[in-house]
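K.L.:
My questions all concern the structure below.
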Amino acid sequence: LTLPSGAKIGHRSLMRYYKQRFGAERAVVPSHNRSAVGRVLRQYRALGWGGEAGGGLQRTQRDMHYVQRMKARWRLKMGMKHNSTKQKHFRMQVMF
Numbered sequence: 001l002t003l004p005s006g007a008k009i010g011h012r013s014l015m016r017y018y019k020q021r022f023g024a025e026r027a028v029v030p031s032h033n034r035s036a037v038g039r040v041l042r043q044y045r046a047l048g049w050g051g052e053a054g055g056g057l058q059r060t061q062r063d064m065h066y067v068q069r070m071k072a073r074w075r076l077k078m079g080m081k082h083n084s085t086k087q088k089h090f091r092m093q094v095m096f
């Protein structure tokens, strides 16, 4: 598959899918069905589904995942650091 930039991607075994061309008669939404599709999309939007507008939600989830990773890393670091100070056995016998 050749991109508009000239870069080639994909594998030759998948070439049959890259070469597919669909004509105007095989449009995704037929003209006689547009009102029904619009009605369904309005119902989805009413339920909170945003389609392409949901990019902010994905960014928020990615940021929350990053914060959770950093918090887990910090907890591990603190646990490793403080693990040595909470030694209950084999203490030095000089410090009664």
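In our numbering, the protein residues as written are 1 to 96. Built from N, CA and C at the ideal position, the CB exists for glycine as well.
Can you tell me whether DSSP reads K19 as helix, strand or coil?
P.N.:
Note: K19 maps to coil in three-state DSSP.
K.L.:
DSSP beta-bridge partners for K8?
P.N.:
In the DSSP output, where bridge partners are listed per residue, K8 has T2.
K.L.:
Which stretch, first to last residue, makes up the alpha helix (DSSP H) that contains S35?
P.N.:
First-last of the alpha helix (DSSP H) with S35: R34 to A46.
K.L.:
Note down, in chain order, each residue of its chain lying with its Cβ closer than 8 Å to the Cβ of G23, except the 5 sequence neighbours on either side.
P.N.:
Around G23: no qualifying Cβ.
K.L.:
At the level of alpha carbons, what is the spacing between R69 and R21?
P.N.:
Using only the alpha carbons, I get a separation of about 44 Å.
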